[in-house]
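Input: a single structure, listed below in structure tokens.
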Amino acid sequence: MKKFNFRKVLDGLTASSPGGSAGGGGAGGGSAHPGGTAGAAGTPREEIQETLTSDYFQICKTVRHGFPYLPTALAFDPVQKILAIGTRTGAIRILGRPGVDCYCQHESGAAVLQLQFLINEGALVSACADDTLHLWNLRQKRPAILHSLKFNRERITYCHLPFQSKWLYVGTERGNTHIVNIESFILSGYVIMWNKAIELSTKTHPGPVVHLSDSPRDEGKLLIGYENGTVVFWDLRSKRADLRAYYDEAIHSVAWHHEGKQFMCSHSDGSLTLWNLKSPNRPFQTTIPHGKIQRDGKKPESCKPILKVEYKTCKNSEPFVIFSGGLSYDKACRRPSLTIMHGKAITVLEMDHPIVDFLTLCETPYPNEFQEPYAVVVLLEKDLIVVDLTQSNFPIFENPYPIDIHESPVTCTEYFADCPPDLIPVLYSVGAKHKKQGYSNKEWPISGGAWNLGAQTYPEIIITGHADGSVKFWDASAITLQMLYKLKTSKVFEKQKSGEGKATAEIVEEDPFAVQMMYWCPESRIFCVAGVSAYVVVYRFSKHEVNTEIASLEVRLQYEVEDIITPEPEIIPQFPDASSQLPSLKSLSGSTNTVACEGMMKDSIPCLSVKTRPVRMPPGYQADLVIQLVWVDGEPPQQITSLAVNSAYGLVAFGNCNGLAVVDFMQKTVLLSMGTLELYGSSDPYQRQPRSPRKSKQFAADNFCMRGLSNFYPDLTKRIRTSYQIKGSRKLSLPTDLKTDLDHVNGHCTSPTSQSCSSGKRLSSADVSKANRRGPGRPPFRKAQSAACMEISLPVTTEGYISRRAVLQQLHGISSFSHDERHYTAHTWMNKENRENSFSRSRSSSVSSIDRDSKESITALYFMESFARKNDSAVSPCLWVGTGLGMVLILSLNLPASDDLRQSEPVMVSPSGTVLTLKGAVLTFACLDCTGTLIHPPYEVWRDPHSADDGEKTRKRKLVMHSPSSSQDMGDHQFAVICSEKQAKVFSLPSQTCLYVHNITETSFLLQADVVTLCNSVCLACFCANGHIMTLSLPSLRPLLDINYLPVTDMRIARTFCFSNEGQALYLSSPTEIQRLTYSQEMCDNLQDMLGDLFTPVETPEAQNRGFLKGLFGGSGQAFDREELFGEATAGKASRSLAQHIPGSGGIEGVRGAAGGVIGDLTRARIALDERGQKLGELDERTASMMASAEAFSKHAHEVMLKYKDKKWYQF
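Last residue of the sequence shown: 2485 in the working numbering, with the numbers rising by one and none dropped.
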């Protein structure tokens, strides 16, 4: 309490200091800023009891949604009915029934080569590219590795685990085959060396092992396929090859007929060969399914390789032969295909993406029975489909998983936890009408695992914006994800005809409809989208279809500071004469001050064309108003950097690096459109003067435009290209020392502290007088960066996180220039030597930034009932405006007194004169009442705008203003919470004194900050570019959580990370996946109960009775004892240098996930019971085995006794 008393003394001493709140603050959490509180504003500090403590916070990942990024492997458990997918990044996704979706990650990050389930055992073997085998325990909700085996001298190429066997066959690149005990994960001494497998007369190496499988007829025989076309049928007992088959084309895969007498191989020339064990000299049948038959009777021409084939038999019909690849070379435009051969019918299923792997799902897990295939799971590079084989037209199943998140690249996200409960069924009802037809009528076959709703019951909605202009609403309740509704924002615009792009005013070459920003009011159902082509669309929700014209407005938003070029002085004085350098707020005019583009100057034209004819709008979100920024004097409109909507006021506000616009979407009028400087009026705390360019080495780059957005994988991202031209095709000669540096530079960032979108033409000193007289404040034509280009690798500083300047360049479409006092020095994106020098500099204070750039972006907007001025006695409608220089302005909104006049009387917007300051760009605002409770902005209760009932009651607006009503004297002041990328401040209103300040970071900067509710209280959640996730108490700004959790390795994380209420957050972990996490201790504790079970007790189906004759003549498969053959007693120990056993964490990981308290004890007990049950099962098996061997011994002993019973001792 002494600390609080000391603060109170400071407040009393500084209460009369009006400028105190603008100064620097303490660095510690909740340290008092020397800005006083006057009157009643001083008392709440002792009254407000903050309930949140650090015990309420803990960070853990909850669930990952979406399609596994860069998939490489596929496996299916036919008894448990769960599917596993491995990826190039070392991840494994295990999928069962909807709700059962588990993500695990190999620590090494090595690509997964192959996956093998221990069928119905609750375990999975993964083989990785670092030549390590791992055994995963799936009998816990978060799988963990039980054992690992690292091969030191050989590279793993193929694995095979026979059904109900504990011995895993491992083929290697050298052609050898090793055998691993699954229980102990130790190599057997039994090895099949390549030189023993092939004939002694063979002079060449057979290549890597590409296939291993035991014969369905006899488990003691192993089929080994080598890459060069050699197939060896190896007798495991006698340790020799029974037969060898040779083919002159490379083998890609092998498949058995279930009787074990025939097998099929797929080859690199597009052929399929069928072999009979009785005549291995040549194939029994050879076909090239897609090859053209030659007229002269020659062999059909070769086709593309058949990468995989499966040969599945049916009891009552012809067998299925299913393969991928094998298409003719002359059809280059043909898409990747899966071919299904059933009898004489050949069906080719064309896919949208390359096929990674496929599996045929069969009724039985036993390889020696009729397989009866019923479906094919096809894993594509960017999709997962399941084909129904039971119907002749082979329809696909409707996929219940949210794997189409990346249908178009995600450009932005919003997360709403604890939203109104009626929204999800309403959105689902309008979205269900657009579902596709033609799916299989059967149930989804991947139906394993178990999932229940858990304790978390509040509704959650995730919204994703995409590069094609679509917006998807997802039901995210109870850690699941299901699509509710899809909105196509591009439908309000005319389609762009091919070849028209240059003739129109587009500023983005690709994806002109990409969604850059979204704002949603769940209560009023108003939805607003800002697009990359500098437009805003306001949507209203209706349950009725309507046919109407789309209203549109055009807004001129220009940064109107005239820059005077004075080429004579080399150095600009730091404080020029104010009278001679006053900025003129009139725009430049005349033809000499415009840039010619395509032979004509563009002015007052938008980037896209809104449809003018009546448009049919289905039920759901319907466009109410389109607002477009227009070209001004040959300059393109700059991309929108902030957006806010208020349904109660009927206003939408948005800003960019030029200024701010406020639009009345009820009356469809523009209320305000002015440059940022004009907003200050006489309140501008800084003297801004135009900059004169240097006489020599004045450089600015041309069009910065990322292309190839649709190829959103990193290895397909195109390099940034530039051209430096002036007036047509005439190129500039660059200084030789700069040419290499400029190869990849495309833009112009004039200050590390402003989100400037400007770039200029490159001028040599000789061209300055000839070119249009234009300064850096008025950029010429610039193509904007596409909003979804998030795959560029970012420069990393010595601290290991991305630099702030690089983030701004990616987020706002600008490139990199390092500013030196004498000249500009360019840096390339990939230049490692210059990374630290050019990018590690963090944002400096607002004052020092003014000299570098007079532009100031609008970075945050917030509508609120608040105190606009110091002497206000009551709250009034306000718009809070935050800028890139850390300035906060409050605009007063004068609304008509009654609802009847709202449609006719004008709304007045005027600057209040209030200016507050912070370090760094402003990120977020919030208001608390005098009890510390979050005040929600007012809203209008939703009503259907096209309802059939047009009575007076329906048309009257119902507003919820959220004014404090418990007592009159409690509403006389508020707390304003403002967070910038460097610090957070809490001001008391209306006195505008700074009560608390917390300097969040000095060396880095915040990417995201939000005021969120948790456990009926409120806190400030922050995500920093150095990977730290932090929470601060409100209003005192005490640090409650600070964990270095998520390094920002690329722009995708920075662009899509968002917080929500109840301790929820999410980000795009890859271009195809959403990762959700929680920072709530309560949810971490309950997470185990919410996750699905991967393993459920299921009885293994019994094998079919083979019959007397088959048992008599069908081989000796049943008598094969692998333990006797591969065990240490017979085979000996393997070389220690060959492979290294690494014990895994096993079930400890599951305990860790539910650590602490009763849940941890229960989890430990459950794991112990599982292990005990497993051991008891093993004990039962061993007991049965011992009893069987004892009976056999007794029988043999009895036979011996009978044989020698009547013989005398001398007859032996």
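For each residue, glycine too, the CB sits at the ideal point set by N, CA and C.
Pairing P2263 with P1892, the inter-Cα distance amounts to about 44 angstroms. In the structure shown, I1752 adopts helical secondary structure according to DSSP, grouped into three states.
Taking the Cβ atoms as the reference, V1809 lies roughly 5 angstroms from F1927, within the contact range of under 8 angstroms. For the pair G2365 and A1723, the CB atoms are nearer than the 8 angstroms cut-off. Below 8 angstroms, too few C-beta pairs join the region 2309-2317 and the region 1648-1662 to call them touching: fewer than three.
Leaving aside the five residues that flank F2332 on each side, the residues in its chain whose CB is nearer than 7 angstroms to its CB run, in chain order, Q2281, D2283, V2285, A2294, A2338. For secondary structure counted as the beta strand (DSSP E) over 3 or more consecutive residues, the region 1889-1916 holds these complete runs in sequence order: 1893-1902.
Using a C-beta cut-off of 8 angstroms, the region 1728-1746 makes contact with the region 1688-1699, since at least three inter-stretch Cβ pairs fall below that distance. Taking all protein chains in view, the Cβ of S2458 is surrounded by fewer than 16 other Cβ atoms within 10 Å, so the residue is classified as exposed. The alpha carbon of V2161 has as its nearest neighbour, out of I2131, S2146, L2268, the alpha carbon of I2131.
With respect to the 8 angstroms criterion, D2217 and K1816 are classified as neighbours on the basis of their beta carbons. Between the alpha carbons of A1618 and V1683 lies a gap of roughly 41 angstroms.
A Cβ-Cβ distance of about 23 angstroms is found for the pair P1675 and M1790, leaving them out of contact under the 8 angstroms criterion.
About 6 angstroms separates the Cβ atoms of M1537 and L1545, confirming a contact at the 8 angstroms cut-off. Secondary structure within the region 1579-1653: the beta strand (DSSP E) runs of 3 or more consecutive residues, fully enclosed, are 1579-1585, 1593-1598, 1610-1615, 1618-1623, 1628-1635, 1646-1653 (chain order). Within the region 1445-1508, the runs of alpha helix (DSSP H) at least 4 residues long that lie entirely inside it are, in chain order, 1467-1470. Around the CB of V1527, 16 or more other CB atoms lie within 10 Å, so the residue is classed as buried. Inclusion of F1938 and D1876 in the CB contact set at 8 angstroms is not warranted, their separation being larger than that value. In this structure, R1607 keeps its C-beta atom at 8 angstroms or more from the C-beta atom of L2398. The Cβ atoms of A1917 and F2248 do not sit closer than 8 angstroms to each other. Burial of K1655 is indicated by the presence of at least 16 other C-beta atoms within 10 angstroms of its C-beta. Exclusion of the five residues before and after I1455 leaves K1439, L1441 as the residues of its chain whose Cβ lies within less than 6 angstroms of its Cβ. Within the region 1368-1392, no run of alpha helix (DSSP H) reaches 4 residues while sitting entirely inside it.
For E1532 and F1643, the gap between their C-alpha atoms comes out near 8 angstroms. The region 1899-1907 and the region 1818-1831 touch, with no fewer than 3 CB-CB distances between them shorter than 8 angstroms. Counting C-beta atoms within 10 angstroms of its own C-beta, H1563 has 16 or more neighbours from the protein chains shown and is therefore classed as buried. A direct Cα-Cα distance of roughly 6 angstroms separates Y1792 from F1800. In the structure shown, P1785 adopts coil according to DSSP, grouped into three states. For A1417, the enclosing beta strand (DSSP E) covers residues 1417-1424. The alpha carbon of G1395 has as its nearest neighbour, out of D1403, F1349, G2336, S2177, the alpha carbon of F1349. Pairing P1416 with S1750, the inter-Cα distance amounts to about 23 angstroms. According to DSSP, residue pairing for F1814 in a beta bridge involves Y1894. Counting along the chain, the unbroken beta strand (DSSP E) around N1820 starts and ends at 1819-1821. The residue among I1566, N1666, H1525 with its C-alpha nearest the C-alpha of F1596 is H1525.
Cβ neighbours of V2233 within its own chain (closer than 8 angstroms, five residues either side excluded): E1796, A1921, P2211, Y2212, E2213, V2214. E1827 has Q1901 as its beta-bridge partners, per DSSP.
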